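Trainee:
6 protein chains.
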Amino acid sequence: MQNSEIYLESLITATPQEGRELAIKLARKSIAAIQTDAEKRKALRANYAEDTAQLIASAQIIAVEFQTIAMANNYWKS
Amino acid sequence: MQNSEIYLESLITATPQEGRELAIKLARKSIAAIQTDAEKRKALRANYAEDTAQLIASAQIIAVEFQTIAMANNYWKS
Amino acid sequence: MQNSEIYLESLITATPQEGRELAIKLARKSIAAIQTDAEKRKALRANYAEDTAQLIASAQIIAVEFQTIAMANNYWKS
Amino acid sequence: MQNSEIYLESLITATPQEGRELAIKLARKSIAAIQTDAEKRKALRANYAEDTAQLIASAQIIAVEFQTIAMANNYWKS
Amino acid sequence: MQNSEIYLESLITATPQEGRELAIKLARKSIAAIQTDAEKRKALRANYAEDTAQLIASAQIIAVEFQTIAMANNYWKS
Amino acid sequence: MQNSEIYLESLITATPQEGRELAIKLARKSIAAIQTDAEKRKALRANYAEDTAQLIASAQIIAVEFQTIAMANNYWKS
Numbered sequence: 001m002q003n004s005e006i007y008l009e010s011l012i013t014a015t016p017q018e019g020r021e022l023a024i025k026l027a028r029k030s031i032a033a034i035q036t037d038a039e040k041r042k043a044l045r046a047n048y049a050e051d052t053a054q055l056i057a058s059a060q061i062i063a064v065e066f067q068t069i070a071m072a073n074n075y076w077k078s
Numbered sequence: 101m102q103n104s105e106i107y108l109e110s111l112i113t114a115t116p117q118e119g120r121e122l123a124i125k126l127a128r129k130s131i132a133a134i135q136t137d138a139e140k141r142k143a144l145r146a147n148y149a150e151d152t153a154q155l156i157a158s159a160q161i162i163a164v165e166f167q168t169i170a171m172a173n174n175y176w177k178s
Numbered sequence: 201m202q203n204s205e206i207y208l209e210s211l212i213t214a215t216p217q218e219g220r221e222l223a224i225k226l227a228r229k230s231i232a233a234i235q236t237d238a239e240k241r242k243a244l245r246a247n248y249a250e251d252t253a254q255l256i257a258s259a260q261i262i263a264v265e266f267q268t269i270a271m272a273n274n275y276w277k278s
Numbered sequence: 301m302q303n304s305e306i307y308l309e310s311l312i313t314a315t316p317q318e319g320r321e322l323a324i325k326l327a328r329k330s331i332a333a334i335q336t337d338a339e340k341r342k343a344l345r346a347n348y349a350e351d352t353a354q355l356i357a358s359a360q361i362i363a364v365e366f367q368t369i370a371m372a373n374n375y376w377k378s
Numbered sequence: 401m402q403n404s405e406i407y408l409e410s411l412i413t414a415t416p417q418e419g420r421e422l423a424i425k426l427a428r429k430s431i432a433a434i435q436t437d438a439e440k441r442k443a444l445r446a447n448y449a450e451d452t453a454q455l456i457a458s459a460q461i462i463a464v465e466f467q468t469i470a471m472a473n474n475y476w477k478s
Numbered sequence: 501m502q503n504s505e506i507y508l509e510s511l512i513t514a515t516p517q518e519g520r521e522l523a524i525k526l527a528r529k530s531i532a533a534i535q536t537d538a539e540k541r542k543a544l545r546a547n548y549a550e551d552t553a554q555l556i557a558s559a560q561i562i563a564v565e566f567q568t569i570a571m572a573n574n575y576w577k578s
């Protein structure tokens, strides 16, 4: 049931902001890996986009994914 | 669906208190990245601001984001 | 919507017990940052103080905040 | 609203098993810090001790607290 | 009640993408370890595959498992 | 209310698979520490074994416990 798409070539990003965007992408790709039907996901997005408890739960995933990415990039410290 | 705004230039903050404030900002920006409609977010804020379970869940995100920021700043140890 | 109060001067505490107390304080301050109305928070406290699911969720925040503080203090190892 | 009891003198334990027990104790003390009334806690314990969702959530706290303790003890590696 | 199957030979993967796939696999194997009946799991998959709250919770597991794998691989930094 | 059983002698395991099994065991022992009545636990297991939300929550505990074990074993890197 794995997606054949390569969506994560590297954890290294040029900037912290790109690190945030990668974290958001990884969270979305995880959901896509479990619910592989794009039409269903589009229909379901309305369910959680206006449910604050689920928005908060989504932000929690982003926080963990971002932590991993930040560690990979040594916090983008020059 | 990414926001084009650059809201995270650096994880480095001058003080721990600013680290807390950055963690709170990142949690809010994650929610904004999923629900991009500012009017909707304003309407939804009433839902979670008086729901203790959701307040607690929000504090959990802040804890994880702050952990990342604290690690980035080497805990602001002089 | 940030509180102007400086409640986190340092992550460094003299003892592990003070580290626990700081973790509890940080968890409370996160909730206060989202629900800034002190009267509302007082009214809401009754909701979660007798709801075991929410007590458990609160303890989870404390665990994460404490982990950060413990790392900052190098686990108070002499 | 802090307990005046010193329940955490050190994160260092002689054995991994004692590390587990300390993690369980810390999780309980967090709940006690929020709901300081011992009689109420005793009454509430029945609520979560037979609610599998809450038992699972409690085990999640223990996992995080134990992770901190394990790191403090360098995993009890000789 | 342990599965006798060896599904984790190593945390080391050739690429970050394979690290993602391993994280997803580990999350699934955890669920299989608790609910060992494959027929029941197949029947249950419909329950969570269209429940956004559960999809989000699943993505949270993947985030934590991936963090471990990323650390194991030193973030696939050359 | 501590179990007198020593179930964790060491975090060090010979293989990653054994690390997974130890993580699952620790998650179960945490639940047993809170609900010490084995008969009750047996009765309750039916509740969560067919509730996908709870299966997912259980997998989350395993992920965190496994992260600790993986760190202890330096990811079983030779």
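Residue numbers (my numbering), protein chains in the order written: chain D, 1 to 78; chain X, 101 to 178; chain G, 201 to 278; chain Z, 301 to 378; chain E, 401 to 478; chain A, 501 to 578.
Ideal Cβ positions, reconstructed from N, Cα and C, are used throughout, including at glycine.
Since we're looking at a predicted model, the values are computed, not measured.
Going along the chain, which unbroken runs of the alpha helix (DSSP H) with 4 or more residues stay wholly within the stretch 508–545 of chain A?
Mentor: Those alpha helix (DSSP H) runs which fall completely within the stretch 508–545 of chain A and span 4+ residues are 516–534.
Trainee: For residue 317 of chain Z and residue 107 of chain X, what's the separation of their Cα atoms in angstroms?
Mentor: As a first step, residue 317 of chain Z must be located in the fourth sequence, where it is residue number 17. As a first step, residue 107 of chain X must be located in the second sequence, where it is residue number 7. Each residue's alpha carbon lies about 44 Å from the other.
Trainee: On a Cα-Cα basis, can you pick out the residue from D/37, D/48, D/49 that is closest to residue 446 of chain E?
Mentor: Mapped onto the fifth sequence, residue 446 of chain E falls at position 46. Closest by alpha carbon: D/37.
Trainee: Quick one, which of E/452, E/411, E/431 has its alpha-carbon nearest residue 561 of chain A's?
Mentor: Within the sixth sequence, residue 561 of chain A is the residue found at index 61, counting from 1. The candidate whose alpha carbon is nearest that of residue 561 of chain A is E/431.
Trainee: To the nearest whole angstrom, what separates the beta carbons of residue 55 of chain D and residue 135 of chain X, a pair I think is in contact under 8 Å?
Mentor: Within the first sequence, residue 55 of chain D is the residue found at index 55, counting from 1. Within the second sequence, residue 135 of chain X is the residue found at index 35, counting from 1. Indeed they touch by this definition, with Cβ atoms about 6 Å apart.
Trainee: Rounded to a whole number of angstroms, what is the C-alpha to C-alpha distance between residue 313 of chain Z and residue 78 of chain D?
Mentor: Locating residue 313 of chain Z in the fourth sequence gives position 13, where the first residue counts as 1. Locating residue 78 of chain D in the first sequence gives position 78, where the first residue counts as 1. Taking the straight line joining both Cα atoms gives about 38 Å.
Trainee: Quick one: what does DSSP say residue 174 of chain X is sitting in, helix, strand or coil?
Mentor: Working through the second sequence from its first residue, we reach residue 174 of chain X at position 74. If DSSP states are grouped into helix, strand and coil, residue 174 of chain X belongs with the helices.
Trainee: Is it buried or exposed, residue 239 of chain G, if we count other Cβ atoms within 10 angstroms and call 16 or more buried?
Mentor: Here the question's residue 239 of chain G lines up with position 39 in the third sequence. So residue 239 of chain G ends up on the exposed side.
Trainee: Is it true that the CB of residue 272 of chain G sits closer than 9 Å to the CB of residue 170 of chain X?
Mentor: Against the second sequence, residue 170 of chain X aligns to sequence position 70. Against the third sequence, residue 272 of chain G aligns to sequence position 72. Yes, the Cβ-Cβ distance between residue 170 of chain X and residue 272 of chain G is below 9 Å.
Trainee: Counting only Cβ pairs nearer than 9 Å, list the residues of chain D close to residue 148 of chain X.
Mentor: Here residue 148 of chain X is taken as the residue at index 48 of the second sequence, counted from 1. The contacting residues are 52, 53, 55, 56.
Trainee: Leaving out five residues on either side along the sequence, give the residues of the same chain with a beta carbon under 7 Å from the beta carbon of residue 329 of chain Z.
Mentor: The residue labelled residue 329 of chain Z in the question sits at position 29 within the fourth sequence. The answer, listed in chain order, is 307.
Trainee: Relative to the C-alpha of residue 149 of chain X, which candidate in G/241, G/249, G/210 has its C-alpha closest?
Mentor: Taking the first residue of the second sequence as 1, we reach residue 149 of chain X at position 49. The shortest C-alpha separation from residue 149 of chain X is found at G/241.
Trainee: Can you give me, in chain order, the residues of the stretch 2–26 of chain D that have a beta carbon less than 8 Å from any beta carbon in chain E?
Mentor: So the list reads 2, 6, 7, 8, 9, 10, 11, 12, 26, given in the order they occur along the chain.
Trainee: Looking at residue 24 of chain D: is its Cβ nearer than 9 Å to the Cβ of residue 133 of chain X?
Mentor: For the purposes of this step, residue 24 of chain D is taken as the residue at position 24 of the first sequence. For the purposes of this step, residue 133 of chain X is taken as the residue at position 33 of the second sequence. Yes, they are a contact pair.
Trainee: Assuming residue 411 of chain E and residue 575 of chain A form a contact by the criterion Cβ under 8 Å, report the distance between their Cβ atoms to the nearest whole angstrom.
Mentor: Taking the first residue of the fifth sequence as 1, we reach residue 411 of chain E at position 11. Taking the first residue of the sixth sequence as 1, we reach residue 575 of chain A at position 75. Confirmed, Cβ separation roughly 5 Å.
Trainee: For the stretch 532–547 of chain A, which residues have a CB atom closer than 7 Å to at least one CB atom of chain Z, in sequence order?
Mentor: Flagged, chain order: 533, 534, 535, 540, 544, 547.
Trainee: Of the choices A/520, A/521, A/509, whose alpha-carbon is the least far from that of residue 319 of chain Z?
Mentor: As a first step, residue 319 of chain Z is located in the fourth sequence; it is residue number 19 there, counting from the start. Cα-wise, what sits closest to residue 319 of chain Z is A/509.
Trainee: Along chain D, which residues have their Cβ under 9 Å away from the Cβ of residue 170 of chain X?
Mentor: As a working note, residue 170 of chain X is residue 70 in the second sequence. The contacting residues do not exist; residue 170 of chain X stays about 10 Å from chain D at best.
Trainee: According to DSSP, simplified to helix, strand and coil, what is residue 206 of chain G?
Mentor: Numbered from 1 along the third sequence, position 6 holds the residue referred to as residue 206 of chain G. DSSP places residue 206 of chain G in coil when its eight states are reduced to three.
Trainee: Hey, does residue 377 of chain Z have any beta-carbon neighbour from chain G nearer than 9 Å?
Mentor: Looking up residue 377 of chain Z in the fourth sequence gives position 77. No - not a single Cβ of chain G is within 9 Å of the one on residue 377 of chain Z.
Trainee: Have a look at residue 467 of chain E and residue 351 of chain Z and give me their C-alpha separation to the nearest angstrom.
Mentor: Counting from one through the fifth sequence, the residue named residue 467 of chain E turns up at place 67. Counting from one through the fourth sequence, the residue named residue 351 of chain Z turns up at place 51. In a straight line, the C-alpha of residue 467 of chain E is about 30 Å away from that of residue 351 of chain Z.
Trainee: So that I know if they touch, is there some Cβ in chain X lying closer than 9 Å to that of residue 260 of chain G?
Mentor: For the purposes of this step, residue 260 of chain G is taken as residue 60 along the third sequence, with counting starting at 1. Yes, its Cβ sits closer than 9 Å to a Cβ of chain X.
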